[in-house]
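Numbering (our numbering), first residue to last: 42 to 297. Glycine included, each C-beta is placed from N, C-alpha and C at the ideal position. Written out below as structure tokens is the structure these notes cover.
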């Protein structure tokens, strides 16, 4: 039992040693690949810089991207994270291939396939490197503010108050007197039918007769003024006579 337990422990130690050796070999292999690819990318970057100075290319933004990839790769390599460093160099070489079409992309034989990155925090930005801003935030900053345009509202015009039209009496004093005389004569024609109306009280009939005599006297005086040419006085007297006779007829029950 003791020998069997010791044998099992020895096998476990050997397996751990093999794993460590394989891991070390893998790290060494990635380091070699990193150094080789870093030299290639760096040489191409220097070549692009020279071409940019001679105004043969205008992709300044591509150069900035490549420089950022190289800086990130060096920081990952300093921490021993060669897989992330290789990913940065692959991105840089892909960017170079868009500027220089003749540039060969890394082959699968020499560079490991880029796998999805694990949750590894990005390296701290260098003093000359600004932290990358998410595209969404940049879009929100640059997006113009949409101002909703509203149709101009026409001022409400207030309707002017209704104009009061005063009909001006353009008749002469004589014409007004003649009209008032005709109205008095119309009321005068209603006196007899009102007195003959059934149900008329005696005191109402006596009051109507008295008013009739008084108004006829005023009407006669108005006629005299009109004959003398004093139409203004004649008009005033005739208006009084007409008004008093109308009131007496209404009290007696006459229908005007």
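Check                                                                                                    : Outcome
Pairwise C-alpha distance: residue 240 and residue 271                                                   : 43 Å
9 Å Cβ cutoff met for residue 263 and residue 279                                                        : yes
Segment contact, 8 Å Cβ cut-off, at least three pairs: the region 241 to 259 with the region 193 to 207  : no
Assigned exposure category for residue 288 - 16 Cβ within 10 Å defines buried                            : exposed
Reference residue 297, options 116, 265, 261 and 229, closest by Cα                                      : 229
9 Å Cβ cutoff, residue 206 in contact with chain C                                                       : Here there is only one protein chain, and chain C is not present.
Residue 289 (DSSP reduced to helix, strand or coil)                                                      : helix
Alpha helix (DSSP H) segments (min. 4 residues) lying fully within the region 101 to 134                 : 101 to 119
Separation of residue 198 from residue 259, as counted between CA atoms                                  : 56 Å
Residue environment, residue 275, which counts as buried when at least 16 other CB atoms sit within 10 Å : buried
Same chain, Cβ closer than 8 Å to residue 111, neighbours up to 5 away in sequence not counted           : 79, 82, 83, 86, 129, 130 and 133
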